[in-house]
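Q: Starting off with a structure, shown below.
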Amino acid sequence: MNKLIWHRLIRLLIVLGTLFFSFIIVFYITTFTYPFVLAILFASLLNPIINFLQIKWKLSRSLAVLASISFVLALVISIITILIIELIRGTTYLGEHIPAHFKTLVQFVEDFIAHQAMPIYEKMISLIRTLDPAQQATIKRNIENIGDEIASTGANTLQALLQNIPVALGSLPNYMTVFIFSLLGTFFIAKDWYKLHALTKRMLPESVTESGSDVVNGLKKAFFGFAKAQCILISITAVIVLIGLLFLQVKYAITIAVITGLIDLIPYLGTGIVFLPWIAYLFLTGQYGMTIGLTALYMVVIVQRQVMEPKILSTNIGLDPLATLVALFVGFQIWGFAGLILSPALLVVINTLYQTGVLWQIWLFIKGPKEG
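Per this note's numbering, residue 6 is the first one in the sequence shown, and the count goes up by one each step.
In structure tokens form, the structure reads like this:
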């Protein structure tokens, strides 16, 4: 191996080592300062609104920051309030109608056990009695093992659920503390945004600040593109569900469509959380026409999501549709459902580094000067 290859290998190790230790340092620092990392992100997102208020309404920087934060908080609180009101209405509706549906379901289960399950059970008992004692004992033991496993799984699930409730309640003070510090940090960082920006430029080399600015702007553009893509996807889902439910003459179609659209943010499982239990109940209660209709609607929602997601993401984020599709599949294989969010984000970061020339600069460093 000649000297040039050795030098390139050393530079590659330097780059990999720098990336590794930078990741460790950033991760370690972020675990203690994440409220202020969130504050920087929020301040960056609010900065265009603050600038607009300063220029259009001639407000001072502090007042514009306060007005922007207040507006966003009011908007978030309003959305949460509307969702809570709709949840209360839906719960009230369910409370009024579930008893009748539950009675119907119980009657259906009783009829199923009496006319379907019991004859099968009696045939199985008759068959088992024809076996020798050893085989009967084996079957009995296997049935007991299955029953014990089901009981153990149910008990463990219930125990985990009950144990997580006090943990979640105990975390509320921590969440409130993080929220308050993030809110205060957002105010002060947004107020002194340009001072902090100038200070950063003085402390870092010009090449680093220019590349960093390009990367941040690219990531910000990709973030808004990703948010826009998700809004488009859930809007399409909500409209399709609304049209389908109106066609099927389902009550509270608008509320169900909006909730389904929001739940669709959960990859793959989203709409299934609403449709699968609903379809199962309709099937068990013998409402086969509605079962077929909802199943068809659910399939349409799933297909359009899988077809439209790569295209819409690629259009709004600036990625190739095939690359987006491959990233979604690979991310799902590596990280599961979390990979459906992480893989496009990672692809966006890599694409941004490529578009801004950072990857090219890293390659030039690894390649090094030609040796005569």
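Every residue gets a Cβ at the ideal spot worked out from N, C-alpha and C, and that includes glycine.
1. Three or more beta-carbon pairs under 8 angstroms between the segment 255–263 and the segment 323–343, yes or no?
2. Using only the alpha-carbon positions, how far apart do residue 268 and residue 282 sit?
3. Taking 7 angstroms as the limit between beta carbons, can you name the residues of its chain near residue 198, skipping five residues before and five after?
4. Give me the Cα-Cα distance between residue 306 and residue 243, rounded to the nearest whole angstrom.
5. Just the Cα atoms here: how many angstroms apart are residue 330 and residue 350?
6. Go through the segment 109–166 residue by residue and report every complete run of the alpha helix (DSSP H) that reaches 4 residues or more, in order.
7. Under a Cβ-count criterion, where at least 16 other Cβ atoms within 10 Å of its own Cβ denotes burial, should residue 126 be classed as buried or exposed?
8. So residue 82 packs on residue 231, CB below 8 angstroms; how close in whole Å?
9. Which residues in the same chain have their Cβ closer than 6 angstroms to the Cβ of residue 406, if we skip the five residues on either side of it in sequence?
10. DSSP state of residue 197, grouped into three classes?
11. Can you list, in chain order, the residues of its chain with a C-beta nearer than 8 angstroms to that of residue 233? Leave out the 5 residues immediately preceding and following it.
12. For residue 299 versus residue 287, is the C-beta distance shorter than 8 angstroms?
13. What's the C-alpha gap between residue 280 and residue 314?
14. Suppose you measure from the CA of residue 381 to the CA of residue 119; what does that come to, to the nearest Å?
15. Hey, which unbroken runs of the beta strand (DSSP E) at 3 residues or more fall wholly within the segment 302–332?
16. Just to confirm before moving on: does the CB-CB distance between residue 260 and residue 91 stay below 8 angstroms?
17. Kindly indicate which three-state DSSP category residue 63 falls into: helix, strand or coil?
18. Would the beta-carbon of residue 194 fall within 8 angstroms of that of residue 44?
19. So residue 360 is in the alpha helix (DSSP H); what residue range does that whole segment cover?
20. Nearest by alpha-carbon distance to residue 88: which of 104, 162, 327, 262 is it?
A: With the structure as the only source:
1. no
2. 15 angstroms
3. 48, 52
4. 9 angstroms
5. 13 angstroms
6. 123–134
7. exposed
8. Not confirmed; about 24 angstroms, so no contact.
9. The first residue shown for the chain is 6 and the last is 377, placing residue 406 beyond what the model contains.
10. coil
11. 321
12. yes
13. 20 angstroms
14. Look at the range of the chain in this structure, 6 to 377, and you will see that residue 381 is not part of it.
15. none
16. yes
17. coil
18. yes
19. 344–360
20. 262
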